[in-house]
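Q: Below is a structure I'd like to ask you about.
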Amino acid sequence: MADEVVLVDTWVSMFGMRVRIALAEKGIKYEYKEEDLCNKSKLLLKINPIYKKIPVLIHNGKPVCESLIIVQYIDEVWNDRSPLMPSDPYPRACARFWADFVDKRVYDVAKKVWTTKGEEQEAAKKEFIEAFQILERQLGDHPYFGGERFGFVDLSLIPFYSWFYAYETFGNFSIEAECPKIIAWAKRCLQKDSVASTLPDEKKVYECVVQMRKRFGVE
Amino acid sequence: MAEEVLLFSTWFSIYGRRVEMALKLKGIEYKFIEEDLTNKSPSLLKYNPVHKKVPVLVHNGKPVAESLVILEYIDETWKNHPILPKHPYERANTRFWAKFIDEKCWPAILQACWGKDQKEREKAAEELSKLLQFLENELKGKRFFGGETIGLLDIAGNTIGYWLGVFEEAAGVSELLTREKFPKLFNWVNEWLSVSAIKENLPPRDKHVAFMRLNGQGFWDDYNASK
Numbered sequence: 084m085a086d087e088v089v090l091v092d093t094w095v096s097m098f099g100m101r102v103r104i105a106l107a108e109k110g111i112k113y114e115y116k117e118e119d120l121c122n123k124s125k126l127l128l129k130i131n132p133i134y135k136k137i138p139v140l141i142h143n144g145k146p147v148c149e150s151l152i153i154v155q156y157i158d159e160v161w162n163d164r165s166p167l168m169p170s171d172p173y174p175r176a177c178a179r180f181w182a183d184f185v186d187k188r189v190y191d192v193a194k195k196v197w198t199t200k201g202e203e204q205e206a207a208k209k210e211f212i213e214a215f216q217i218l219e220r221q222l223g224d225h226p227y228f229g230g231e232r233f234g235f236v237d238l239s240l241i242p243f244y245s246w247f248y249a250y251e252t253f254g255n256f257s258i259e260a261e262c263p264k265i266i267a268w269a270k271r272c273l274q275k276d277s278v279a280s281t282l283p284d285e286k287k288v289y290e291c292v293v294q295m296r297k298r299f300g301v302e
Numbered sequence: 027m028a029e030e031v032l033l034f035s036t037w038f039s040i041y042g043r044r045v046e047m048a049l050k051l052k053g054i055e056y057k058f059i060e061e062d063l064t065n066k067s068p069s070l071l072k073y074n075p076v077h078k079k080v081p082v083l084v085h086n087g088k089p090v091a092e093s094l095v096i097l098e099y100i101d102e103t104w105k106n107h108p109i110l111p112k113h114p115y116e117r118a119n120t121r122f123w124a125k126f127i128d129e130k131c132w133p134a135i136l137q138a139c140w141g142k143d144q145k146e147r148e149k150a151a152e153e154l155s156k157l158l159q160f161l162e163n164e165l166k167g168k169r170f171f172g173g174e175t176i177g178l179l180d181i182a183g184n185t186i187g188y189w190l191g192v193f194e195e196a197a198g199v200s201e202l203l204t205r206e207k208f209p210k211l212f213n214w215v216n217e218w219l220s221v222s223a224i225k226e227n228l229p230p231r232d233k234h235v236a237f238m239r240l241n242g243q244g245f246w247d248d249y250n251a252s253k
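Residue numbers (the working numbering), protein chains in the order written: chain A, 84 to 302; chain B, 27 to 253.
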């Protein structure tokens, strides 16, 4: 039976980008459904009733939610090509730890950089840079977080690069000045087709964030 | 080479107890190192410099942190008594519900117990009831979330199986997980408490309740401050 793979997502979501990169790495054909998060579809509410969020992967009718869980699912089902996770337990545990770090220490504070002002924003910028400096130290002299090969942690973090221009503009700071190795790593990742074809143009992301700030009442 | 397994944790750590349950279930010998969280040891800070938290498992000198990451590591390293299902879809499902317990149930429990006023606590209790209903539905007709034997989700379910009741008693709020409201979950708790790897790894209840009476508010305040 041919696999039926559907991805319910939104173009600007860094979580959705993780899944799209994983699908591209594995060469999996899928149907893409763009969701309007201001007007959530009946489909989304049915396949993710608990969080009502994207991305959701639907594989042969069965939904899988939460980006890192989806990526691991993709890696386990299509395990005959382009592994995303290391094969040994200890490096796998490290990969899971660092992807979890991105979720816990990067996402929320990054959001504060573009949704807050004044002291709150300054505090968020400081935490943001600290988180990326920790990641820089973890990267060390390796080309990727996965070592010699692009892997799970790289995939978890690289989507944020498409939002850097927006963070820098609203936060009035330079990420490259603080974390040059991260920028070098990101440019290296962008040489991969799966990443280059997935990440949206940073100016388009910026325009989208401008609109979101209006909706959030930040301006 | 002889295995050396160390576990840095505390007697009251919900996450540390999960690791102990998995180690006991698989019959893995380990050395427990009790941490004083007001005075963290140089070893803890060395093994978990990023979060500086317990639990940390150190296997032959290599540290693993974050309880759900540790549980998967244990399962991949010691293959007896597997705690994750074989099928990728069921594995994804297990991971989803474990994350749900930590990200949704845990803050709701803290707020239902130590929210700033009765209105806030009641609202959180209502939310928690809805969350428990999701878990009730997920159990379906099974004895455990893992099926006939306990799995990762039953272990991560310690939040619901034991900690919820202790916190409610410490905070003096009414019990949510009753037989009338959640018959399947209620039954699961009884089955769960009868498993030796579980019941031998719970903090002593009276001591735990007394501890939470003093520290519960602090737990909620810390959680809020981190958000």
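Just so it is clear, CB atoms sit at the ideal spot from N, CA and C, and this is done for glycine as well.
1) Using a C-beta cutoff of 7 Å, does F256 (chain A) count as contacting chain B?
2) Along the chain, which unbroken stretches of the alpha helix (DSSP H) at least 4 residues long are found entirely within the region 109-177 of chain A?
3) Measure from the C-beta of T185 (chain B) to each C-beta in chain A and report whether the shortest distance is under 7 Å.
4) Are three or more beta carbon pairs between the region 171-182 of chain A and the region 117-124 of chain A nearer than 8 Å?
5) Please report the straight-line C-alpha distance between E259 (chain A) and V90 (chain B), rounded to a whole angstrom.
6) Going along the chain, which residues of the region 109-126 of chain A sit with their C-beta nearer than 9 Å to a C-beta in chain B?
7) For Y56 (chain B), is the beta carbon positioned less than 6 Å from some heavy atom of the ligand ADP?
8) With 7 Å as the limit, tell me which residues of the region 205-217 of chain B have their beta carbon closer than that to any beta carbon of chain A; keep them in chain order.
9) Could you check the C-alpha separation between I265 (chain A) and N163 (chain B) for me, to the nearest Å?
10) Flag this pair as yes or no: are the beta carbons of E92 (chain B) and D183 (chain A) separated by less than 7 Å?
11) Where does I181 (chain B) fall in DSSP's three states?
12) Beta-carbon of I152 (chain A) versus every beta-carbon of chain B: anything under 7 Å?
13) Measure how close the beta-carbons of A105 (chain A) and V154 (chain A) come, nearest whole angstrom, since I'm counting them as under 8 Å.
14) With a threshold of 8 Å on Cβ separation, who are the neighbours of D163 (chain A) within its own chain once the five nearest residues in sequence on each side are excluded?
15) Would Y115 (chain B) pass as a contact of K145 (chain A) if the rule is Cβ separation under 7 Å?
16) Could you tell me which residues DSSP pairs with D92 (chain A) in its beta bridges?
17) Would V45 (chain B) and I96 (chain B) be called neighbours here (beta carbons separated by less than 7 Å)?
18) Does the beta-carbon distance from F193 (chain B) to I135 (chain B) come in below 7 Å?
19) Less than 7 Å between C-beta atoms, sequence neighbours within five positions excluded: which residues of the same chain meet that for F291 (chain A)?
20) Listed in chain order, which residues of the region 84-103 of chain B have Cβ atoms closer than 7 Å to some Cβ of chain A?
21) On the three-state DSSP scale, how would you describe I266 (chain A)?
22) I need the straight-line Cα distance from K253 (chain B) to Y134 (chain A), nearest angstrom please.
23) Are the Cβ atoms of M97 (chain A) and F215 (chain A) separated by less than 7 Å?
24) Among A:L273, A:N255 and A:K287, which residue has its Cα nearest to the Cα of L240 (chain A)?
25) Hey, V215 (chain B) and L203 (chain B) are a contact pair by Cβ (cut 8 Å); roughly how many whole angstroms apart?
26) Please identify the residue among A:V189, A:D191, A:V236 and A:V301 whose C-alpha is closest to the C-alpha of A178 (chain A).
27) Quick one: measure Cβ to Cβ for T185 (chain B) and W132 (chain B), integer angstroms, because I've assumed they're closer than 8 Å.
28) Can you have a look at N65 (chain B) and say buried or exposed, based on whether 16 or more other CB atoms are within 10 angstroms of its CB?
29) What whole-angstrom Cβ distance do I127 (chain B) and G177 (chain B) have, given they're in contact under 8 Å?
30) From this set, A:Y190, A:M100 and A:I137, which residue's C-alpha is nearest S277 (chain A)'s C-alpha?
31) Comparing C-alpha positions only, which one of B:N74, B:M47 and B:L51 sits nearest to F255 (chain B)?
32) Put P229 (chain B) into one of helix, strand or coil per three-state DSSP.
33) Using a Cβ-Cβ distance under 7 Å, would A206 (chain A) count as near chain B?
34) Would you list, in sequence order, the uninterrupted alpha helix (DSSP H) runs of no fewer than 4 residues that lie entirely inside the region 73-152 of chain B?
35) Sort B:E60, B:K50 and B:I54 by Cα distance to F38 (chain B) and report the nearest one.
36) Please classify L158 (chain B): is it buried, with 16 or more other beta-carbons within 10 angstroms of its beta-carbon, or exposed?
A: Taking the geometry as given:
1) Not one chain B Cβ lies under 7 Å of F256 (chain A).
2) Counting only runs of 4 or more, we get 125-130 and 150-160.
3) Not an interface residue.
4) Pairwise C-beta distances place the region 171-182 of chain A out of contact with the region 117-124 of chain A, as fewer than three of them are shorter than 8 Å.
5) Rounded to the nearest angstrom, the two C-alpha atoms are 30 Å apart.
6) Cβ contacts with chain B: none found.
7) Inclusion of the ligand ADP in the displayed structure is not the case, the ligand content being empty and no account of it being possible.
8) Cβ contacts with chain A come from no residue of the region 205-217 of chain B.
9) Linking I265 (chain A) to N163 (chain B) through their CA atoms gives a straight-line distance of about 44 Å.
10) Yes.
11) Here I181 (chain B) sits in helix by DSSP.
12) So yes, I152 (chain A) belongs to the interface.
13) Right, the Cβ-Cβ distance comes to about 5 Å (below 8 Å), so this counts as a contact.
14) The same chain holds no residue with a CB closer than 8 Å to that of D163 (chain A) once the five nearest residues on each side in sequence are set aside.
15) Closer than 7 Å, so yes.
16) According to DSSP, D92 (chain A) bridges with A:E117.
17) Cβ distance < 7 Å, so V45 (chain B) and I96 (chain B) count as in contact.
18) Yes, Cβ-Cβ distance for F193 (chain B) and I135 (chain B) is below 7 Å.
19) Position check: residue 291 (chain A) holds Cys in this sequence, whereas Phe was assumed. These residues qualify, in order along the chain: V95.
20) Residues passing the 7 Å Cβ filter: K88, V90, A91, E92, V95, E98, Y99, E102 and T103.
21) Here I266 (chain A) sits in helix by DSSP.
22) For the pair K253 (chain B) and Y134 (chain A), the Cα-to-Cα distance works out to about 18 Å.
23) Taking 7 Å as the Cβ cut-off, M97 (chain A) and F215 (chain A) do not qualify as a contacting pair.
24) The shortest C-alpha separation from L240 (chain A) is found at A:L273.
25) Rounded to whole angstroms, the Cβ separation of V215 (chain B) and L203 (chain B) is 7 Å, and the two are in contact under 8 Å.
26) Comparing alpha carbon positions, the residue from A:V189, A:D191, A:V236 and A:V301 closest to A178 (chain A) is A:V236.
27) Contact holds; Cβ gap of about 6 Å.
28) N65 (chain B) should be labelled exposed.
29) Here I127 (chain B) is actually not in contact with G177 (chain B); their C-beta atoms are around 13 Å apart, not less than 8 Å.
30) Ranking the options by Cα distance to S277 (chain A), first place goes to A:M100.
31) Outside the modelled stretch of chain B, which goes from 27 to 253, sits residue 255 (chain B), for which no answer is possible.
32) Residue state, collapsed to three classes: coil.
33) Not an interface residue.
34) Counting whole runs of 4 or more residues, the region 73-152 of chain B contains the alpha helix (DSSP H) stretches 93-103, 114-126 and 132-140.
35) Taking only the C-alpha atoms, the option nearest F38 (chain B) is B:E60.
36) Flag for L158 (chain B) reads buried.
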